[in-house]
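Engineer: Per numbering that gives the first Met the number 0, residue 0 is the first one in the sequence shown, and the count goes up by one each step.
Idealized CB from N, CA, C, for every residue including glycine.
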Amino acid sequence: MFLALAYGGLTADAQTTSLVVNPASQASESKSYLLTDIAKITFGDHGMEINGTSGTKETISFSDIMSLKFTSEGTGIEGLPAAEDSSLVPYYRGGMLGADGLQGGQAARVRVCDLSGRVIIAKENWDGTPISTSALTKGVYLFSVNKKTIKFMK
Numbered sequence: 000m001f002l003a004l005a006y007g008g009l010t011a012d013a014q015t016t017s018l019v020v021n022p023a024s025q026a027s028e029s030k031s032y033l034l035t036d037i038a039k040i041t042f043g044d045h046g047m048e049i050n051g052t053s054g055t056k057e058t059i060s061f062s063d064i065m066s067l068k069f070t071s072e073g074t075g076i077e078g079l080p081a082a083e084d085s086s087l088v089p090y091y092r093g094g095m096l097g098a099d100g101l102q103g104g105q106a107a108r109v110r111v112c113d114l115s116g117r118v119i120i121a122k123e124n125w126d127g128t129p130i131s132t133s134a135l136t137k138g139v140y141l142f143s144v145n146k147k148t149i150k151f152m153k
């Protein structure tokens, strides 16, 4: 019985992804194979066969294998900006709307909407001064400060 693995469906960058075979014996070293150098991997009754793109074949007995894993050199994403307003937390307390974590001098965009999406209160350069909800009728609303939103009930 044979099982074949094709690496064409992997989403990682094949240029930097490797198959690492960790040996069962502490005396042996791990072997690493670049996926770009592997044409096919098959598993038989007694071992694993790695067929290289250059026509090479290597058979490894299952008893000699502790584990198999795929690793990547991590081409990654560089220069991700910090999450905007990561410490900003909108709140509704005692009939007042506000936001904890708004830095002094930092202006925020504020919206209070009803559940139908109608904007009830809008401020483009809000300085953090608590907003009274006394003019709102009883109901459920959404309070957004920049990109953080909470739901509150008056």
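1. So Asn145 is in the beta strand (DSSP E); what residue range does that whole segment cover?
2. Since Thr16 and Phe69 are thought to touch, with beta carbons under 8 angstroms apart, how far apart are those beta carbons, to the nearest angstrom?
3. In whole angstroms, give me the CA-to-CA distance for Gly43 and Ser31.
4. Kindly say whether Gly94, judged by its beta-carbon, lies nearer than 8 angstroms to any beta-carbon of chain D.
5. Among Leu101, Ser143 and Ser115, which one has its Cα closest to the Cα of Ala121?
6. Taking 8 angstroms as the cut-off, decide whether the C-beta atoms of Leu101 and Ala107 are in contact.
7. Starting from Phe69, trace the beta strand (DSSP E) both ways and give me its first and last residue.
8. Whole-angstrom Cβ separation of Pro22 and Ile49, contact assumed at under 8 angstroms?
9. Select from Thr148, Gly104 and Lys146 the residue whose C-alpha is nearest the C-alpha of Gly127.
10. Once you ignore the five residues that flank Gly94 on each side, which residues in its own chain have a CB closer than 8 angstroms to its CB?
11. Can you tell me which of the three DSSP states Thr41 falls into?
12. If we ignore side chains and look at the alpha-carbon of each, how far apart do Ser66 and Ser24 end up?
13. Terminal residues of the continuous beta strand (DSSP E) containing Ser154?
14. Once DSSP output is grouped into helix, strand and coil, what is the label at Thr197?
15. Helix, strand or coil for Ala13, going by three-state DSSP, please let me know.
Structural biologist: For this structure:
1. Looking up residue 145 in the sequence shown gives position 146. Here Asn145 belongs to no beta strand (DSSP E), and DSSP marks it neither H nor E.
2. If you number the sequence shown from 1, residue 16 lands on position 17. If you number the sequence shown from 1, residue 69 lands on position 70. Yes, they are in contact, since the Cβ atoms of Thr16 and Phe69 sit about 6 angstroms apart, within 8 angstroms.
3. To locate residue 43, count along the sequence shown from 1; it is residue 44. To locate residue 31, count along the sequence shown from 1; it is residue 32. Roughly 20 angstroms separates the two Cα atoms.
4. No chain D is present in this structure, which holds just one protein chain.
5. Walking along the sequence shown from the start, residue 121 turns up at place 122. Comparing Cα positions, the closest option is Ser143.
6. Along the sequence shown, one-based indexing puts residue 101 at 102. Along the sequence shown, one-based indexing puts residue 107 at 108. It is a contact, given that the beta carbons lie within the stated cut-off.
7. Residue numbering aside, residue 69 sits at position 70 when the sequence shown is read from its first letter. Ile64 to Ser71 is the span of the beta strand (DSSP E), which, as asked, contains Phe69.
8. Residue mapping note: residue 22 aligns to position 23 of the sequence shown, counting from 1. Residue mapping note: residue 49 aligns to position 50 of the sequence shown, counting from 1. In fact, because the Cβ distance is near 14 angstroms, the residues do not count as touching under 8 angstroms.
9. Taking the sequence shown and counting its residues from 1, one reaches residue 127 at position 128. That would be Gly104, whose Cα lies nearest to the Cα of Gly127.
10. Residue numbering aside, residue 94 sits at position 95 when the sequence shown is read from its first letter. Within the same chain, Gly94 has close Cβ partners Ser131, Thr132, Ser133 and Lys153.
11. Position 42 of the sequence shown, counted from the start, is the residue given in the question as residue 41. Here Thr41 sits in strand by DSSP.
12. Translated into positions along the sequence shown, residue 66 becomes position 67. Translated into positions along the sequence shown, residue 24 becomes position 25. Cα to Cα, Ser66 sits roughly 11 angstroms from Ser24.
13. The question about residue 154 has no answer here: the residues shown for the chain are numbered 0 through 153.
14. The displayed coordinates of the chain run from 0 to 153. Any statement about residue 197 would go beyond what the structure contains.
15. Taking the sequence shown and counting its residues from 1, one reaches residue 13 at position 14. Model confidence at Ala13 stands at a pLDDT of 41, short of 50, so the residue's coordinates are unreliable; what they give is reported in the following sentence. In this structure, Ala13 counts as coil in the three-state DSSP scheme.
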